[in-house]
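Position one of the sequence shown corresponds to residue 0 (numbering that gives the first Met the number 0), numbered consecutively onward.
All C-beta atoms, glycine included, are put in the ideal place defined by N, C-alpha and C.
As structure tokens, the structure follows; a few thoughts come after it.
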Amino acid sequence: MVQSSAATVDAFMQEVGPDRLPYIQGLRDACLKVLTGWEERMEYGMPAYGPPGERDVGVAFNNQLRHVAFYAGQTAIDKFQAELAVPGIDCGKGCVRYKNPRKMDFAVIEAMLRDIHARREAMC
């Protein structure tokens, strides 16, 4: 797994290449829009979001070597399985892997974020 040494999400975003930046920024924007009241922070070398003052992470994402990873947790992935059954999207162990970032459907991602936020469930 690719891990950033960035101390802040803003610094992490500066490390993302121009080909992936619109998609990574889209994930960040969706998280900030939907996960109201949750903290944005760096955990395990990637942007993460969770309830304030809690160590648990509800959502995270990363710019991996061969894909964009969206760590949503197994419950959300199971619930949105039909919407994620698209060529170029691979799911497993609480993670959605977008080998082709153009396949990212931000309406589905925002729906997943709303579900996660309502449950206040940690991804792992």
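Buried or exposed (CB count within 10 angstroms, at least 16 for buried), G57: Classification of G57: buried, given that the 10 Å Cβ count is 16 or more.
Own chain partners of R19 with C-beta closer than 8 angstroms, once the 5 adjacent residues on each side are dropped: Closer than 8 angstroms at Cβ, skipping near neighbours: N62, V67 and P100.
D28 - partner residues in DSSP beta bridges: None; D28 has no bridge partner.
Residue of P51, G52, L26 and V8 minimising C-alpha distance to D104: For D104, the closest alpha carbon among the candidates P51, G52, L26 and V8 is that of L26.
DSSP state of R40 mapped onto helix, strand, coil: Note: R40 maps to strand in three-state DSSP.
The stretch 84–93 in contact with the stretch 2–20 per 3-pair CB rule at 8 angstroms: No, they do not touch.
Alpha-carbon to alpha-carbon, A84 and A59: The straight-line gap from Cα to Cα measures roughly 21 angstroms.
Through-space distance from V33 to P50, alpha-carbon basis: Our two residues, P50 and V33, have alpha carbons roughly 13 angstroms apart in a direct line.
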